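S.K.:
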Amino acid sequence: MNDFNPEKGYVALLGWSLNAIDAVDRFDRRYVVVAPPWAEDYCKQNDIPFIPWDFDRLNERSHELAHRLADEGVDVAIPLYEETVEWAGAINAVLLKNPRLLGQSMLFRDKSLMKRRAQLGGIRVGVFEEAHDRGDVIRFLKRVNQTLLKLDGDPNDPIHFKAFDKSGTAGHRVIRTPEDVDNIPDDEFPALLESHLDGWEFAVEAWIKDGKIQFLNISEYVTLGYSVFVPATPELEAHRARVTEEIEKLIEAFDIDFGFIHPEYFLTSDNKLYFGEVAYRPPGFKALELIERAYGFNGYQGLVLMFDPNTTQDEIDAFFPEEVTGAKGHAGCFGVYPRRRVVSRLEVPEETANHPYFEFHELAEPMESKVTKRTAFGTHWGLAYFFGEDPHQLRDLLKAQEELDFYV
Amino acid sequence: MMNLMDKGVGDVARLTATLDVALDRLDRSRPFSKMSNQRPVLDVLSRMMAAEGGLDAILARAPDLDRAGLFAGSDWDAPNALLPQLSGQTLEGEDRLLAALEVASVMRFLAVAMGEAQHPALQQDHARHFLTQLLALNLRRFFDFSDEASRAAGPRAEITARVLRMIADRIGLQDVLGQMVHEIWRILEQRPVQMGPVKDMITQIAIVLAREHSPSGPERLGAERLVSALFGPTGESRDDPGIDAYVARLDHLDEVALSREAMGFARSMHDTGLVSDYHAGFLVWALDYPDRPFVPEALGLGSTGSNCWQQFQGLIADLIRMSVTPATAQAVYGLAQLLERGVLHAPPIAPALRRAMTIDFAPAVSDRLALGFGPKIDPHSLMIAGILDVLGKPLGVGQGANPTCQSARALSMWALNDPDFLLHLVVQAAEAETVVMHFEGHRISSADLPMGLAGAGPIDADPVSVLLVPHLDRIYAEMGRLCAGRGGDPHRWINPEFHGWWVARDCAVAVDVATGKLDDYERFVARFHESYHPEYNGDRPLIHPQPAGIAFTDPTGAFIGWHAITILRVAPGRTGEMRVYFYNPNNDSGQDWGHGLTVTTSGNGERHGEGSLPFEEFASRLYLFHDQPHRTERLKAVPPEVIARIRDMAVESWAKTRV
Numbered sequence: 245m246n247d248f249n250p251e252k253g254y255v256a257l258l259g260w261s262l263n264a265i266d267a268v269d270r271f272d273r274r275y276v277v278v279a280p281p282w283a284e285d286y287c288k289q290n291d292i293p294f295i296p297w298d299f300d301r302l303n304e305r306s307h308e309l310a311h312r313l314a315d316e317g318v319d320v321a322i323p324l325y326e327e328t329v330e331w332a333g334a335i336n337a338v339l340l341k342n343p344r345l346l347g348q349s350m351l352f353r354d355k356s357l358m359k360r361r362a363q364l365g366g367i368r369v370g371v372f373e374e375a376h377d378r379g380d381v382i383r384f385l386k387r388v389n390q391t392l393l394k395l396d397g398d399p400n401d402p403i404h405f406k407a408f409d410k411s412g413t414a415g416h417r418v419i420r421t422p423e424d425v426d427n428i429p430d431d432e433f434p435a436l437l438e439s440h441l442d443g444w445e446f447a448v449e450a451w452i453k454d455g456k457i458q459f460l461n462i463s464e465y466v467t468l469g470y471s472v473f474v475p476a477t478p479e480l481e482a483h484r485a486r487v488t489e490e491i492e493k494l495i496e497a498f499d500i501d502f503g504f505i506h507p508e509y510f511l512t513s514d515n516k517l518y519f520g521e522v523a524y525r526p527p528g529f530k531a532l533e534l535i536e537r538a539y540g541f542n543g544y545q546g547l548v549l550m551f552d553p554n555t556t557q558d559e560i561d562a563f564f565p566e567e568v569t570g571a572k573g574h575a576g577c578f579g580v581y582p583r584r585r586v587v588s589r590l591e592v593p594e595e596t597a598n599h600p601y602f603e604f605h606e607l608a609e610p611m612e613s614k615v616t617k618r619t620a621f622g623t624h625w626g627l628a629y630f631f632g633e634d635p636h637q638l639r640d641l642l643k644a645q646e647e648l649d650f651y652v
Numbered sequence: 022m023m024n025l026m027d028k029g030v031g032d033v034a035r036l037t038a039t040l041d042v043a044l045d046r047l048d049r050s051r052p053f054s055k056m057s058n059q060r061p062v063l064d065v066l067s068r069m070m071a072a073e074g075g076l077d078a079i080l081a082r083a084p085d086l087d088r089a090g091l092f093a094g095s096d097w098d099a100p101n102a103l104l105p106q107l108s109g110q111t112l113e114g115e116d117r118l119l120a121a122l123e124v125a126s127v128m129r130f131l132a133v134a135m136g137e138a139q140h141p142a143l144q145q146d147h148a149r150h151f152l153t154q155l156l157a158l159n160l161r162r163f164f165d166f167s168d169e170a171s172r173a174a175g176p177r178a179e180i181t182a183r184v185l186r187m188i189a190d191r192i193g194l195q196d197v198l199g200q201m202v203h204e205i206w207r208i209l210e211q212r213p214v215q216m217g218p219v220k221d222m223i224t225q226i227a228i229v230l231a232r233e234h235s236p237s238g239p240e241r242l243g244a245e246r247l248v249s250a251l252f253g254p255t256g257e258s259r260d261d262p263g264i265d266a267y268v269a270r271l272d273h274l275d276e277v278a279l280s281r282e283a284m285g286f287a288r289s290m291h292d293t294g295l296v297s298d299y300h301a302g303f304l305v306w307a308l309d310y311p312d313r314p315f316v317p318e319a320l321g322l323g324s325t326g327s328n329c330w331q332q333f334q335g336l337i338a339d340l341i342r343m344s345v346t347p348a349t350a351q352a353v354y355g356l357a358q359l360l361e362r363g364v365l366h367a368p369p370i371a372p373a374l375r376r377a378m379t380i381d382f383a384p385a386v387s388d389r390l391a392l393g394f395g396p397k398i399d400p401h402s403l404m405i406a407g408i409l410d411v412l413g414k415p416l417g418v419g420q421g422a423n424p425t426c427q428s429a430r431a432l433s434m435w436a437l438n439d440p441d442f443l444l445h446l447v448v449q450a451a452e453a454e455t456v457v458m459h460f461e462g463h464r465i466s467s468a469d470l471p472m473g474l475a476g477a478g479p480i481d482a483d484p485v486s487v488l489l490v491p492h493l494d495r496i497y498a499e500m501g502r503l504c505a506g507r508g509g510d511p512h513r514w515i516n517p518e519f520h521g522w523w524v525a526r527d528c529a530v531a532v533d534v535a536t537g538k539l540d541d542y543e544r545f546v547a548r549f550h551e552s553y554h555p556e557y558n559g560d561r562p563l564i565h566p567q568p569a570g571i572a573f574t575d576p577t578g579a580f581i582g583w584h585a586i587t588i589l590r591v592a593p594g595r596t597g598e599m600r601v602y603f604y605n606p607n608n609d610s611g612q613d614w615g616h617g618l619t620v621t622t623s624g625n626g627e628r629h630g631e632g633s634l635p636f637e638e639f640a641s642r643l644y645l646f647h648d649q650p651h652r653t654e655r656l657k658a659v660p661p662e663v664i665a666r667i668r669d670m671a672v673e674s675w676a677k678t679r680v
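Quick mapping for you: the protein sequence lines, in order, are chains A and B. Quick note, the numbering used here runs 244 ahead of the 1-based positions in the first sequence. Quick note, the numbering used here runs 21 ahead of the 1-based positions in the second sequence.
1. Please name the residue in B/250, B/328 and B/420 whose C-alpha comes closest to that of residue 605 of chain B.
2. Tell me the DSSP bridge mates of residue 503 of chain A?
3. In the segment 47-65 of chain B, which residues sit with their C-beta less than 7 Å from some C-beta in chain A, listed in chain order?
4. Along the beta strand (DSSP E) that carries residue 2 of chain B, what are the first and last residues, could you check?
5. Let me check understanding here. Comparing Cα to Cα, which of B/309, B/276 and B/266 lies closest to residue 298 of chain B?
6. Any beta carbon from chain B within less than 8 Å of residue 604 of chain A's own beta carbon?
7. Where do the N-terminal and C-terminal ends of the beta strand (DSSP E) with residue 637 of chain A fall, by residue?
8. For residue 561 of chain A, is the classification buried or exposed, using 16 other Cβ atoms within 10 angstroms of its Cβ as the cut-off for buried?
9. Under 8 Å between beta-carbons, which chain A residues line up against residue 43 of chain B? List them in chain order, please.
10. What are the boundary residues of the alpha helix (DSSP H) that includes residue 387 of chain B?
11. Going along chain B, which residues have a C-beta under 7 Å from residue 269 of chain A?
12. Name the chain A residues that come within less than 8 Å of residue 68 of chain B, Cβ to Cβ?
13. In its own chain, which residues sit with a C-beta less than 7 Å from the C-beta of residue 172 of chain B, not counting the 5 before and 5 after it?
14. Under 8 Å, Cβ to Cβ, is there at least one residue of chain A near residue 114 of chain B?
15. Do you know whose CA, among A/314, A/642 and A/624, lies nearest residue 465 of chain A's CA?
16. Among B/510, B/545 and B/323, which residue has its Cα nearest to the Cα of residue 361 of chain B?
17. Residue 282 of chain A: buried (16+ other C-beta within 10 angstroms of its C-beta) or exposed?
18. Under a CB-based cut-off of 8 Å, is residue 367 of chain A close to chain B?
19. Which whole-angstrom value is the C-beta distance of residue 324 of chain A and residue 526 of chain A, which I expect to be below 8 Å?
20. Measuring only the C-alpha atoms, how far is residue 442 of chain A from residue 371 of chain A?
21. Taking the C-alpha atoms as reference points, what is the distance between residue 451 of chain A and residue 387 of chain A?
22. Are residue 199 of chain B and residue 240 of chain B closer than 8 Å when you measure CB to CB?
23. Does the beta carbon of residue 111 of chain B sit closer than 8 Å to a beta carbon anywhere in chain A?
24. Do residue 437 of chain B and residue 471 of chain B come within 8 Å of each other at the CB atom, strictly closer than that value?
25. Taking the alpha-carbon of residue 350 of chain A as reference, which of A/376, A/408, A/365 and A/400 has the nearest alpha-carbon?
What follows is the structure, encoded as structure tokens:
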């Protein structure tokens with residue numbers, strides 16, 4: 245571990261992320277990793293400060309952990325995963341003597357509460373409802389399509405099904421037919437149901453300190469669950485001022501003083517911005533890595549700055565570059581799914597390998613030749629990374645990957 | 022889709038820029054996350070090495086790649102321990118990322134060899150030596166000889182050829198042939214049991230020599246000597262006519278000519294340790310010649326050997342018929358040496374060999390042998406050939422690329438000192454698939470034990486090792502388990518029980534096992550003198566080979582690990598200095614142990630297969646030896662300055678952190 249600055253805070257990282265640990269180990273803050281006991285040996289061998297902890301459902305033991313961290317001298321806890329968001333809330337309520345933080349974290353963890361709170365804060369959301377069983381889902385699917393004046397036999401407009409407490413694309417299903425409903429496993433209930441919005445979907449990463457946005461990135465999805473790049477095209481960046489306003493509404497509605505949020509939005513064809521959902525933790529799909537590639541700063545270190553009560557504004561100003569113009573280029577990645585039912589080996593398509601924007605990939609050789617059918621989103625077989633100057637060319641390139649076979 | 026014309030130089034420039042991004046990320050990452058940051062680098066390297074000019078770019082960055090941690094957590098992190106014989110396979114292997122890793126590693130060697138970079142664990146000489154061997158082992162690939170394997174490897178074979186050509190351009194090929202010949206002679210001098218790699222290298226040389234543009238000069242002469250030993254050692258075989266044609270010629274030769282053939286073979290064999298296939302053909306043919314006068318002549322027997330031949334003609338003829346085939350030609354040399362050792366005169370040996378010729382191989386054993394040596398060779402031929410080789414050259418047993426120095430050492434020791442016991446084990450293992458030993462009265466059967474250090478056991482060794490090492494390895498591990506909880510080094514109890522009664526029961530250890538620190542080291546050194554050095558022990562010779570443990574150090578003197586060897590004898594070398602002659606189960610005893618300690622294998626009075634060091638230098642790397650109570654009245658005090666010298670050498674290297 246590097247020498248840390250004794251003037252600055254001591255942070256606890258909740259959850260196991262090697263990339264996060266690596267980044268924070270290189271930073272100037274003292275830190276400790278709080279993660280499941282299986283990581284203990286690894287941490288010992290590598291001199292990573294470590295406290296073993298099982299993050300199961302939040303329970304009365306959160307108090308125990310909070311006091312343990314307080315005794316250790318930790319100033320603040322940073323959640324790295326969806327599952328640790330409410331733990332961080334409970335712990336920070338104690339460490340920062342601010343009981344409100346626990347309630348706030350519960351809002352982030354429950355997609356239905358989250359949506360209602362946003363609605364109350366004057367944020368535009370789509371039609372949504374909670375589902376506790378498959379019957380609820382069927383009813384919602386029917387009602388939405390009746391509203392759209394569909395006749396029996398017309399293809400349904402899809403609805404979205406999102407398990408309450410799963411993050412990102414895990415547990416996110418698109419439902420079109422009653423058969424789709426049958427395929428939902430029991431453990432994904434309760435869930436949030438949403439009408440489908442046709443439009444441009446994108447995500448935002450916002451680093452927040454003192455109730456102010458310190459850095460705002462817009463991540464443009466090319467296809468949800470497949471590809472994303474940063475910074476976005478000028479066409480999407482043109483909406484930055486509105487997006488900033490929307491984030492400020494979120495900050496107010498959720499009473500966010502510090503931290504990091506990762507909301508998703510839809511820009512519909514009638515130019516309205518709809519709020520999808522928001523998470524109080526780093527995004528998946530290696531978004532922070534893409535941001536680092538494009539802007540050169542490390543998102544995890546940015547997180548630490550936001551959470552540490554001893555951070556100064558000068559430090560923050562020196563840390564973040566200019567938004568958009570400070571980027572060296574556009575960085576994107578593509579999640580590869582095998583397109584064939586039976587595959588035998590990995591073979592990067594020649595047009596990908598030879599493209600000047602292609603950097604490298606983290607794809608593994610197939611372990612089994614038979615490809616299991618995809619359920620929900622998620623579970624790609626690895627990411628391919630791209631970087632280039634022209635965002636339109638990058639976007640088209642990412643789109644084109646969907647038609648290529650990486651596994652043959 | 023980009024224009025294909027853009028490929029080439031522009032391609033490398035772009036890939037290099039991408040590499041630098043990934044390299045920078047790897048460089049910045051902490052030691053614990055090196056692994057996850059290596060992959061992107063390897064991915065880019067794998068594309069770079071295929072591009073025109075890519076190898077030059079990799080060479081330029083090789084030291085940076087190494088420093089950034091590309092090799093962290095893998096075997097490649099210890100460049101001194103890498104084996105050049107594995108590089109060729111990795112370069113052409115299926116795993117593209119591993120091939121990229123190998124290219125980066127080879128380029129690192131090249132940068133160090135050319136003096137353009139320095140590496141804390143890789144010396145310029147060693148780097149050069151490694152690359153020379155790499156070229157030597159892959160001459161075929163280098164010259165673009167197309168064979169099935171390289172055809173199947175496709176573009177990867179092309180990349181490998183370019184890598185090799187790049188090395189040759191910078192290191193020089195003249196050097197390669199000369200070094201290769203020198204290297205082969207050095208290895209032959211040790212008379213290893215396993216001759217496959219050496220014969221392979223000589224075959225490659227033969228191919229090069231047959232080409233017009235091959236270099237000439239003294240290297241060529243040395244090379245031709247090796248090639249002729251293998252492919253045409255006599256007047257009638259010089260033109261390499263093929264075995265059948267050669268044997269047909271023999272029917273037309275008179276006795277004088279036949280005798281000349283026999284002597285030609287014998288001279289070449291004893292000179293090099295190499296057995297030509299023609300030699301094997303001749304010997305089998307000579308068995309049917311009236312009175313068999315050319316058999317002892319072709320074996321090049323001296324008085325002891327001739328005597329054995331006269332006494333045991335029937336047995337020896339059967340052994341030859343069973344074991345000497347073109348695939349097992351080396352058995353001829355093993356047999357000659359076996360006869361010369363006179364061990365046939367020990368009563369159990371002749372019947373034990375007869376017994377071995379009638380082994381009923383358990384199916385799993387034949388399968389294993391087929392796995393190691395191919396399915397075409399009859400297991401009896403293979404096993405008898407293996408037995409002759411091991412009994413003829415006990416010091417030629419090697420552990421292959423396996424962590425089984427203990428087992429290899431035991432095999433060698435039995436072959437030397439207890440050959441009928443070894444034959445007994447071979448029969449047990451081949452028929453019953455088990456080896457039974459006892460530890461302090463406790464019966465241990467290898468069949469009941471889990472796998473040892475070597476997993477299922479080696480298949481890249483000689484047939485006797487392939488058969489026995491899996492069993493010995495398990496028994497050895499079990500004896501270790503039985504010693505768990507006892508204070509002190511377990512070898513104290515294991516060594517005598519595992520090897521035989523002749524291993525002395527007393528034992529001295531240089532370090533305290535619990536703390537790893539030196540433990541009364543001065544006494545340890547003095548005691549070694551009192552037990553082994555003729556000037557201090559009252560001129561008492563060492564009678565039986567004694568197992569000993571050394572702290573194995575690399576050419577920088579850094580500690581690598583504990584290693585098992587056998588002390589064979591202590592005697593004055595050519596210039597009168599006292600030396601320890603020992604057996605090292607490593608395949609090549611000639612090693613640089615750092616700080617000027619170079620184990621020699623010839624030139625200092627060594628017998629074939631022995632390594633040697635001056636007594637004090639040897640003592641400085643010793644950490645465990647066995648002895649028996651001394652007769653104090655004959656001992657001479659060891660001067661303190663001798664002990665101090667040895668201690669200094671130890672503390673400068675392996676014992677640095679143990680004081």
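We put the CB at the ideal spot given by N, CA and C, even for glycine. Owing to the predicted nature of the structure, the values given are computational and were not obtained by experimental measurement.
M.R.: Checking against the coordinates, here is how it stands:
1. For this step, residue 605 of chain B is matched to residue 584 along the second sequence. The option with the nearest alpha carbon to residue 605 of chain B is B/420.
2. For the purposes of this step, residue 503 of chain A is identified with residue 259 of the first sequence, where counting begins at 1. Residue 503 of chain A is bridged to A/452.
3. 49, 50, 51, 52, 53, 54, 57, 60, 61, 64 and 65
4. Because chain B here runs from 22 to 680, residue 2 of chain B falls outside it and cannot be looked at.
5. Residue 298 of chain B sits at position 277 when you count from the first residue of the second sequence. Nearest C-alpha to residue 298 of chain B: B/266.
6. Within the first sequence, the letter at position 360 stands for residue 604 of chain A. Taking Cβ atoms only, chain B reaches closer than 8 Å to residue 604 of chain A, which makes this a yes.
7. Locating residue 637 of chain A in the first sequence gives position 393, counting from the first residue. Element bounds for residue 637 of chain A: not the beta strand (DSSP E) but the alpha helix (DSSP H), 635-645.
8. Indexing the first sequence from 1 puts residue 561 of chain A at position 317. Label assigned to residue 561 of chain A: exposed.
9. Here residue 43 of chain B is taken as the residue at index 22 of the second sequence, counted from 1. Per Cβ cutoff of 8 Å: 603 and 604.
10. Reading the second sequence from its first residue, position 366 is the one you call residue 387 of chain B. Start and end: 384-394.
11. The sequence position of residue 269 of chain A within the first sequence is 25, counting from 1. Within chain B, the residues near residue 269 of chain A are 51.
12. What you label residue 68 of chain B is simply residue 47 of the second sequence in a count that begins at 1. 597, listed in chain order.
13. Stepping through the second sequence from its first residue, residue 172 of chain B is reached at position 151. With a pLDDT of only 45 at residue 172 of chain B, under the threshold of 50, the placement of this residue in the model should not be trusted, and no figure is reported.
14. On the second sequence, residue 114 of chain B is found 93 positions in, with the first residue counted as 1. Chain A, which has no Cβ nearer than 8 Å to the Cβ of residue 114 of chain B, makes this no.
15. Locating residue 465 of chain A in the first sequence gives position 221, counting from the first residue. Closest by alpha carbon: A/642.
16. Taking the second sequence and counting its residues from 1, the one referred to as residue 361 of chain B is at position 340. Comparing Cα-Cα distances from residue 361 of chain B to each of B/510, B/545 and B/323, the minimum goes to B/323.
17. Within the first sequence, numbered from 1, the residue matching residue 282 of chain A stands at position 38. Under this definition residue 282 of chain A is an exposed residue.
18. Counting from one through the first sequence, the residue named residue 367 of chain A turns up at place 123. Chain B, which has no Cβ nearer than 8 Å to the Cβ of residue 367 of chain A, makes this no.
19. Here the question's residue 324 of chain A lines up with position 80 in the first sequence. Here the question's residue 526 of chain A lines up with position 282 in the first sequence. The Cβ separation is near 6 Å, so the contact holds.
20. Numbered from 1 along the first sequence, position 198 holds the residue referred to as residue 442 of chain A. Numbered from 1 along the first sequence, position 127 holds the residue referred to as residue 371 of chain A. Residue 442 of chain A and residue 371 of chain A: Cα-Cα distance of roughly 13 Å.
21. To locate residue 451 of chain A, count along the first sequence from 1; it is residue 207. To locate residue 387 of chain A, count along the first sequence from 1; it is residue 143. If you take the alpha carbons of residue 451 of chain A and residue 387 of chain A, they lie about 39 Å apart.
22. Looking up residue 199 of chain B in the second sequence gives position 178. Looking up residue 240 of chain B in the second sequence gives position 219. Yes, they are a contact pair.
23. Taking the second sequence and counting its residues from 1, one reaches residue 111 of chain B at position 90. Cβ-Cβ to chain A under 8 Å: no for residue 111 of chain B.
24. Position 450 of the second sequence holds residue 471 of chain B. Position 416 of the second sequence holds residue 437 of chain B. No.
25. Position 106 of the first sequence, counted from the start, is the residue given in the question as residue 350 of chain A. Nearest of A/376, A/408, A/365 and A/400 to residue 350 of chain A, Cα basis: A/408.
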